[in-house]
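A.B. asks: Quick one: structure below, then a few questions.
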Amino acid sequence: MREKTFSALGLILSLISILFLFSITISLLIHGWSRLISPSFYASFPSRFPEQAGILSAWVGTVYVMLGAIFWSVLIGVPAGIYLEEYADRSSKIARIIEANISNLAAVPSIIYGLLALGIFVYRFNLGESILTAGLTLGLLMVPVIVVTTRESIRRIPRSIREAAYALGATKWETLFHHIIPYSLGGILTGVIISISRAIGETAPLITIGALTYIAFLPPAPWQDFIGMLKSPFTVLPIQMFNWVSRPQAEFHTNAAAAGFVLLVFALAFNALAFYLRYKLRKKYAW
Amino acid sequence: MSKVKLDIRNVSVFYGKKQAVKEVSFPVYENKVTAIIGPSGCGKTTLLRVLNRMHDLYPDISYKGEAILHPEGINLIDKKVDPLKVRMRIGMVFQKPNPFPKSIFENVAYGLRIRGINNKTELKDRVESALKAAWLWDEVKDRLNENAYGLSGGQQQRLCIARAIAVEPEVLLFDEPTSALDPVATAKIEDLIGELKQKTTILIVTHNMQQAARISDFTAFMYLGELVEFNPTEKIFVNPDKKLTEDYITGRFG
Amino acid sequence: MGLCPFNKKGVKKSLLSRLSFDIKKKLDTVFHLFFFIMAFITVVVTFLIVFALILDAIKFFTHEEAGGFPKSLIRFFTETQWTPTFFNKQIGIWPLVCGTFLIAVIAGVISIPLGLLIAAYLSEFASFKTREFIKPWLDFMEAVPTVVYGYFALLVVTPILQKFFSLFGIEMEGMNALSPGIVIGFMILPFTASMVEDAFRGVPAYLREASYALGADKVTTFFKVVLPAARSGVLAAYLLGISRALGETMVVAVAAGMYPNLTFNPLEPVQTITGYIVQVALGDLPFNSFEYLSIFAAGMFLFILNLFFNLLAVHFKSKVKGY
Numbered sequence: 001m002r003e004k005t006f007s008a009l010g011l012i013l014s015l016i017s018i019l020f021l022f023s024i025t026i027s028l029l030i031h032g033w034s035r036l037i038s039p040s041f042y043a044s045f046p047s048r049f050p051e052q053a054g055i056l057s058a059w060v061g062t063v064y065v066m067l068g069a070i071f072w073s074v075l076i077g078v079p080a081g082i083y084l085e086e087y088a089d090r091s092s093k094i095a096r097i098i099e100a101n102i103s104n105l106a107a108v109p110s111i112i113y114g115l116l117a118l119g120i121f122v123y124r125f126n127l128g129e130s131i132l133t134a135g136l137t138l139g140l141l142m143v144p145v146i147v148v149t150t151r152e153s154i155r156r157i158p159r160s161i162r163e164a165a166y167a168l169g170a171t172k173w174e175t176l177f178h179h180i181i182p183y184s185l186g187g188i189l190t191g192v193i194i195s196i197s198r199a200i201g202e203t204a205p206l207i208t209i210g211a212l213t214y215i216a217f218l219p220p221a222p223w224q225d226f227i228g229m230l231k232s233p234f235t236v237l238p239i240q241m242f243n244w245v246s247r248p249q250a251e252f253h254t255n256a257a258a259a260g261f262v263l264l265v266f267a268l269a270f271n272a273l274a275f276y277l278r279y280k281l282r283k284k285y286a287w
Numbered sequence: 288m289s290k291v292k293l294d295i296r297n298v299s300v301f302y303g304k305k306q307a308v309k310e311v312s313f314p315v316y317e318n319k320v321t322a323i324i325g326p327s328g329c330g331k332t333t334l335l336r337v338l339n340r341m342h343d344l345y346p347d348i349s350y351k352g353e354a355i356l357h358p359e360g361i362n363l364i365d366k367k368v369d370p371l372k373v374r375m376r377i378g379m380v381f382q383k384p385n386p387f388p389k390s391i392f393e394n395v396a397y398g399l400r401i402r403g404i405n406n407k408t409e410l411k412d413r414v415e416s417a418l419k420a421a422w423l424w425d426e427v428k429d430r431l432n433e434n435a436y437g438l439s440g441g442q443q444q445r446l447c448i449a450r451a452i453a454v455e456p457e458v459l460l461f462d463e464p465t466s467a468l469d470p471v472a473t474a475k476i477e478d479l480i481g482e483l484k485q486k487t488t489i490l491i492v493t494h495n496m497q498q499a500a501r502i503s504d505f506t507a508f509m510y511l512g513e514l515v516e517f518n519p520t521e522k523i524f525v526n527p528d529k530k531l532t533e534d535y536i537t538g539r540f541g
Numbered sequence: 542m543g544l545c546p547f548n549k550k551g552v553k554k555s556l557l558s559r560l561s562f563d564i565k566k567k568l569d570t571v572f573h574l575f576f577f578i579m580a581f582i583t584v585v586v587t588f589l590i591v592f593a594l595i596l597d598a599i600k601f602f603t604h605e606e607a608g609g610f611p612k613s614l615i616r617f618f619t620e621t622q623w624t625p626t627f628f629n630k631q632i633g634i635w636p637l638v639c640g641t642f643l644i645a646v647i648a649g650v651i652s653i654p655l656g657l658l659i660a661a662y663l664s665e666f667a668s669f670k671t672r673e674f675i676k677p678w679l680d681f682m683e684a685v686p687t688v689v690y691g692y693f694a695l696l697v698v699t700p701i702l703q704k705f706f707s708l709f710g711i712e713m714e715g716m717n718a719l720s721p722g723i724v725i726g727f728m729i730l731p732f733t734a735s736m737v738e739d740a741f742r743g744v745p746a747y748l749r750e751a752s753y754a755l756g757a758d759k760v761t762t763f764f765k766v767v768l769p770a771a772r773s774g775v776l777a778a779y780l781l782g783i784s785r786a787l788g789e790t791m792v793v794a795v796a797a798g799m800y801p802n803l804t805f806n807p808l809e810p811v812q813t814i815t816g817y818i819v820q821v822a823l824g825d826l827p828f829n830s831f832e833y834l835s836i837f838a839a840g841m842f843l844f845i846l847n848l849f850f851n852l853l854a855v856h857f858k859s860k861v862k863g864y
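Chains as they are written, first to last, in our numbering: chain A, 1 to 287; chain B, 288 to 541; chain C, 542 to 864.
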């Protein structure tokens, strides 16, 4: 029967797509195996010799940059979401402009953010090719997702809870800080985790702002020299992978595969964590 | 003769251009229960929510008139009067129980906390007396730290009542408080209301005529946004002034 | 005499609590302002993007090495080579545009039919459990780092294609447009399959039932009823997917090619607008040099292109009938 063929075709194609994902994962794993199981891979700096080259500076850089990105995206994104849900009059011009603008920002290619950062942050604001600039750039990239998830979490809180708070004589900010924000924290956290999983793999904007592809030192630790850390040149994991995969020597491709697998595992882990959180949250609140 | 606690005068409420409440006036007597009855859509809940400035939260709703609170003689619904100050003195219990997703203790304590009361002992005492006054203390005294959502519907509603009375409001507004509850829970809350009136003034909206007949001292009957009749409850149910009231009471419509 | 909040039955409240009440109310204004400022910053970001692009694009077009304005603009749209980094500076944007669109078209050719069939299957045929299982994987495609896709395109897909084409005696270079095009095709399945499936789900059951009641089977119903009813949402999804493909950087940077090439042959290396920007950014980039300015000119062009597709998508999204 025609329906059966069509249905089977659809199923096969869906499975092929999933297979695509799996073949990527497996090829990374197999190809990079020799470096993945070697502990020195995670503790060494890049080197001219592929067997000795590692991702130390790359993953440390990723951690520092991501911390900055989380800071900026939450600082700007969560209040922006709160403003749109709790304060703005839906039909007002300014609210619609802000909303439309955020939707547009979500669809701007990440490399354009890199150009923004290069032209404005690196040079005109003089922040340099640094971890500070990188964190700020990725943070801005993450803002649209944070705004959307913040709004969704807040929207899920039923009107009756707000009215109960107001009826007791709470001010708007008291209702916000005592009720709305605590009850939507879980959803907001989920959004942050999803953004992290995407931002970890962002390469283009960071290359544009001048992330180095070969750095054999670690930025100063934030607890020792916070400002120094912010101003420091850096690299991140996806850039390190890009650097290795662009080399002609096949041995470096092994390193690239290993780095890629690590990246993929983290992206998957954060995604799964967000999924799990979302599931648990649905059960926690009676609504 | 009882004193008037809240004098409702010519109150009108508009949803955009549509008028939902039309120049309603009646007195609410101190330490008495006044019920507002009428068929669905007659504007009784809309009227109730004007009194604690709930409509201020929603931009499309406008209203005018006076709701004079005695003894000061302040018009509660004057735009110049801060809604916050109104809500500090007028409490509300909602149709569907809406406790906060917090512990039982914190639910009752919340109103006190935002009034600046943070002393542990004072909070404990006042929460306990509020829960006792709401006839809930014995059932929850051993689990004050448990989440309020673990309680049954009737218990949650009594918790909401405790929460409202903990801050000692001068007028307590009830918006169909038992419509979501089973008959046993309903009966308990009706009896509770009868006792609560000694400490505060109660205005209750109900779609259940028999409930109004059971628990209220005065009744206001509204229809299509207008006040049809206001009288002592006995008179409304035994010998109403208006034919429309009589038709409603005898079930000819509604 | 105003209403004193704590005044009941003549009990006087302390000055402190009355003061704190006023502070509480003022805080409302403070917070309102703070939240508004943060929200407004998002608008400022867009401003800064446009500002950064326009400023340096203008500098590019007025630069003497470009021939000054308006000659530079004419050259931009008429020359057939893009070599701002070479000694002999040609500034025709077409090779980059060509590479960008060639890859996007390949991605579309793969992704649109594939996604359509998958979406149709998921919304019309699959059981709840199957759908719940498959859909998250489709969305997960967005979470894979693009540089990983690039790796896969270069080191797995290209060799396979090379072997395939050699069977016909055709030689394919290590860098080409086909390989990244295919990979990007899979990469945009969250748009062409998942978002399209959402559009199908938006079509109400009663429309399908009317068709079934007339004796049509599911396949006919899908093509004749569901798809036309959902066309605005589907189109919006495709536009967003293509927009995404146009802006993709790392896959093409790794696997497509290192120099601009005006060609329609997918077996040849090409460079996209995004690939060019990355390539230049990897090198030394003195501020305000001609090479530096060239990436902003290219970026400006890309931004406008991307904006065009996004606005078109928004337009179609707004036409989605709320049944």
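The C-beta atom is built at its ideal place from N, Cα and C for all residues, glycine as well.
Measuring CA to CA, which of A/Gly169, A/Pro144, A/Gly228 and A/Glu51 is closest to A/Pro219?
C.D. replies: Within the first sequence, residue 219 of chain A is the residue found at index 219, counting from 1. Among A/Gly169, A/Pro144, A/Gly228 and A/Glu51, the Cα nearest to that of A/Pro219 belongs to A/Gly228.
A.B. asks: Which full runs of the alpha helix (DSSP H) of 4+ residues lie inside the region 403-461 of chain B, going along the chain?
C.D. replies: As far as the region 403-461 of chain B is concerned, its whole alpha helix (DSSP H) runs of at least 4 residues are 407-420, 424-427 and 440-452.
A.B. asks: Apart from the five residues on each side of it in sequence, which residues of its chain come closer than 7 angstroms, Cβ to Cβ, to A/Leu118?
C.D. replies: The count along the first sequence starts at 1 and reaches residue 118 of chain A at position 118. Taken in chain order, the residues that qualify are Thr208 and Ile209.
A.B. asks: Using alpha carbons as the reference points, say which of C/Gly816, C/Gly722 and C/Asn829 lies closest to A/Ile111.
C.D. replies: Locating residue 111 of chain A in the first sequence gives position 111, where the first residue counts as 1. It is C/Gly816 whose Cα lies nearest to the Cα of A/Ile111.
A.B. asks: How close, in whole Å, do the beta carbons of B/Val380 and B/Ile448 come, if the pair is a contact with beta carbons under 8 angstroms?
C.D. replies: For the purposes of this step, residue 380 of chain B is taken as residue 93 along the second sequence, with counting starting at 1. For the purposes of this step, residue 448 of chain B is taken as residue 161 along the second sequence, with counting starting at 1. The pair is a contact, with the Cβ atoms about 6 angstroms apart (cut-off 8 angstroms).
A.B. asks: Between C/Leu637 and C/Gln812, which are expected to be in contact by the criterion C-beta below 8 angstroms, what is the C-beta distance as a whole number of angstroms?
C.D. replies: Here residue 637 of chain C refers to the residue found at position 96 of the third sequence. Here residue 812 of chain C refers to the residue found at position 271 of the third sequence. About 6 angstroms separates the two Cβ atoms, so the contact holds.
A.B. asks: How would you call B/Tyr345, buried or exposed, if buried means at least 16 neighbouring beta carbons within 10 angstroms?
C.D. replies: As a first step, residue 345 of chain B must be located in the second sequence, where it is residue number 58. With fewer than 16 Cβ atoms within 10 Å of its Cβ, B/Tyr345 is classed as exposed.
A.B. asks: Within 10 Å of its beta-carbon, does B/Lys484 have 16 or more other beta-carbons around it, so buried, or fewer, so exposed?
C.D. replies: Here residue 484 of chain B is taken as the residue at index 197 of the second sequence, counted from 1. Answer is buried; the Cβ neighbour count reaches 16.
A.B. asks: Taking the straight line between their C-alpha atoms, what separation do you get for A/Gly187 and A/Arg282?
C.D. replies: For this step, residue 187 of chain A is matched to residue 187 along the first sequence. For this step, residue 282 of chain A is matched to residue 282 along the first sequence. Looking at the two C-alpha atoms, the distance is approximately 10 angstroms.
A.B. asks: Within 10 angstroms of its Cβ, does C/Val795 collect 16 or more other Cβ (buried), or is it exposed?
C.D. replies: As a working mapping, residue 795 of chain C is identified with position 254 in the third sequence. Buried: at least 16 other Cβ atoms inside 10 Å.
A.B. asks: Do C/Phe732 and C/Gly782 have their C-beta atoms closer together than 8 angstroms?
C.D. replies: Stepping through the third sequence from its first residue, residue 732 of chain C is reached at position 191. Stepping through the third sequence from its first residue, residue 782 of chain C is reached at position 241. Contact flag set, yes.
A.B. asks: Using DSSP with H/G/I as helix, E/B as strand and the rest coil, what is C/Thr626?
C.D. replies: Start at 1 with the first residue of the third sequence, and residue 626 of chain C comes out as number 85. C/Thr626: coil per DSSP, three-state reduction.
A.B. asks: Note down, in chain order, all residues in the region 701-735 of chain C with a beta-carbon under 8 angstroms from any beta-carbon belonging to chain A.
C.D. replies: Here the close residues are Phe727, Leu730 and Ala734.
A.B. asks: With C-beta atoms as the reference, is C/Lys676 less than 8 angstroms away from C/Leu696?
C.D. replies: If you number the third sequence from 1, residue 676 of chain C lands on position 135. If you number the third sequence from 1, residue 696 of chain C lands on position 155. Against a cut-off of 8 angstroms, the Cβ pair of C/Leu696 and C/Lys676 comes out as no contact.
A.B. asks: I'd like the list of long-range same chain contacts for C/Ile651, defined as Cβ closer than 6 angstroms, with 5 residues on each side in sequence excluded.
C.D. replies: Counted from its first residue, the third sequence places residue 651 of chain C at position 110. If we look at C/Ile651 and ignore the five residues flanking it on each side, its Cβ neighbours are Ile723 and Gly726.
A.B. asks: Below 8 angstroms between beta carbons: does that hold for C/Phe837 and A/Leu115?
C.D. replies: Along the third sequence, one-based indexing puts residue 837 of chain C at 296. Along the first sequence, one-based indexing puts residue 115 of chain A at 115. Their beta carbons are under 8 angstroms apart, which means C/Phe837 touches A/Leu115 by this criterion.
A.B. asks: Could you tell me which of C/Lys630, C/Ala839, C/Phe849 and C/Val688 sits nearest to C/Ile599, measuring between CA atoms?
C.D. replies: The residue labelled residue 599 of chain C in the question sits at position 58 within the third sequence. Per the Cα distances, C/Ala839.
A.B. asks: Hey, could you find the ends of the beta strand (DSSP E) A/Ala259 is sitting in?
C.D. replies: Your numbering for residue 259 of chain A matches position 259 in the first sequence. Element bounds for A/Ala259: not the beta strand (DSSP E) but the alpha helix (DSSP H), Ala250 to Lys284.
A.B. asks: Hey, C/Phe617 and C/Ile634 are a contact pair by Cβ (cut 8 angstroms); roughly how many whole angstroms apart?
C.D. replies: Taking the first residue of the third sequence as position 1, residue 617 of chain C is located at position 76. Taking the first residue of the third sequence as position 1, residue 634 of chain C is located at position 93. The Cβ separation is near 5 angstroms, so the contact holds.
A.B. asks: Determine which residues of the region 670-690 of chain C have a Cβ less than 8 angstroms from any Cβ of chain A, and write them out in chain order.
C.D. replies: Residues passing the 8 angstroms Cβ filter: Thr671, Ile675, Pro677, Trp678, Leu679, Phe681, Met682, Glu683, Ala684, Val685, Pro686, Thr687, Val688, Val689 and Tyr690.
A.B. asks: Is any beta-carbon of chain B found at less than 8 angstroms from that of C/Phe547?
C.D. replies: As a working mapping, residue 547 of chain C is identified with position 6 in the third sequence. Note that C/Phe547 scores a pLDDT of 42, beneath 50, so its modelled location is shaky and nothing firm can be said.
A.B. asks: With a threshold of 8 angstroms between beta-carbons, can C/Leu861 be considered close to chain A, or not?
C.D. replies: One-based indexing of the third sequence puts residue 861 of chain C at position 320. As written in the sequence, residue 861 of chain C is Val, which differs from the Leu given in the question. Not closer than 8 angstroms to any Cβ of chain A, the Cβ of C/Val861 fails to qualify, so no.
A.B. asks: Say whether chain C places a C-beta atom closer than 8 angstroms to the C-beta of A/Val192.
C.D. replies: Sequence index remark: in the first sequence, residue 192 of chain A carries index 192 (1-based). No, its Cβ sits nowhere closer than 8 angstroms to a Cβ of chain C.
A.B. asks: Short of 9 angstroms Cβ to Cβ, which residues in the region 732-766 of chain C face chain A?
C.D. replies: Correct list: Ala734, Asp758, Lys759, Val760, Thr761 and Phe763.
A.B. asks: Give every residue of the same chain whose Cβ lies closer than 8 angstroms to the Cβ of C/Ala593, excluding the five residues on either side of it in the sequence, and list them in chain order.
C.D. replies: Working through the third sequence from its first residue, we reach residue 593 of chain C at position 52. Taken in chain order, the residues that qualify are Phe837.
A.B. asks: CA-CA distance, C/Cys545 and A/Phe226?
C.D. replies: Indexing the third sequence from 1 puts residue 545 of chain C at position 4. Indexing the first sequence from 1 puts residue 226 of chain A at position 226. Residue confidence for C/Cys545 is low, a pLDDT of 39 falling below 50, so the modelled location carries little weight; the figure read from the coordinates is stated next. One C-alpha to the other measures close to 50 angstroms.
A.B. asks: Would you say B/Val395 reaches chain A, if we count a Cβ-Cβ gap shorter than 8 angstroms as a contact?
C.D. replies: The sequence position of residue 395 of chain B within the second sequence is 108, counting from 1. No - not a single Cβ of chain A is within 8 angstroms of the one on B/Val395.
A.B. asks: Just to confirm, are B/Gln444 and B/Pro464 a CB contact at a threshold of 8 angstroms?
C.D. replies: Mapped onto the second sequence, residue 444 of chain B falls at position 157. Mapped onto the second sequence, residue 464 of chain B falls at position 177. Yes, Cβ-Cβ distance for B/Gln444 and B/Pro464 is below 8 angstroms.
A.B. asks: Among the candidates A/Leu19, A/Ala256, A/Tyr279 and A/Ile16, whose CA atom is the shortest distance from the CA of C/Gly691?
C.D. replies: Here residue 691 of chain C refers to the residue found at position 150 of the third sequence. Among A/Leu19, A/Ala256, A/Tyr279 and A/Ile16, the Cα nearest to that of C/Gly691 belongs to A/Ala256.
A.B. asks: Shorter than 8 angstroms from the beta carbon of B/Ile233 to some beta carbon of chain A?
C.D. replies: Nothing in the structure corresponds to residue 233 of chain B, since chain B is present only between 288 and 541.
A.B. asks: Look at the alpha carbon of C/Lys704 and the alpha carbon of C/Phe588, and state the distance between them as a whole number of angstroms.
C.D. replies: As a position in the third sequence, residue 704 of chain C is number 163, starting the count at 1. As a position in the third sequence, residue 588 of chain C is number 47, starting the count at 1. Computed Cα separation, rounded: 49 angstroms.
A.B. asks: I need the boundaries of the beta strand (DSSP E) containing B/Ile377, first residue and last residue.
C.D. replies: Residue mapping note: residue 377 of chain B aligns to position 90 of the second sequence, counting from 1. Where B/Ile377 is concerned, the enclosing beta strand (DSSP E) stretches over Ile377 to Val380.
A.B. asks: If the cut is a Cβ gap below 7 angstroms, which residues of chain A does C/His573 touch?
C.D. replies: In the third sequence, the residue the question calls residue 573 of chain C occupies position 32. Within 7 angstroms Cβ-Cβ: Tyr87.
A.B. asks: Between C/Ala854, C/Phe831, C/Phe577 and C/Ala694, which lies nearest to C/Asp597 when the distance is taken from Cα to Cα?
C.D. replies: One-based indexing of the third sequence puts residue 597 of chain C at position 56. The shortest C-alpha separation from C/Asp597 is found at C/Phe831.
A.B. asks: Which chain B residues are close to C/Lys566, counting only those with a beta carbon under 8 angstroms from its beta carbon?
C.D. replies: Residue numbering aside, residue 566 of chain C sits at position 25 when the third sequence is read from its first letter. Neighbours of C/Lys566 on chain B, chain order: Asp369 and Leu371.
A.B. asks: Starting from A/Tyr166, find everything on chain B with Cβ-Cβ shorter than 8 angstroms and list it in chain order.
C.D. replies: The residue you call residue 166 of chain A lines up with position 166 of the first sequence. Simply Met341, Leu344 and Arg374.
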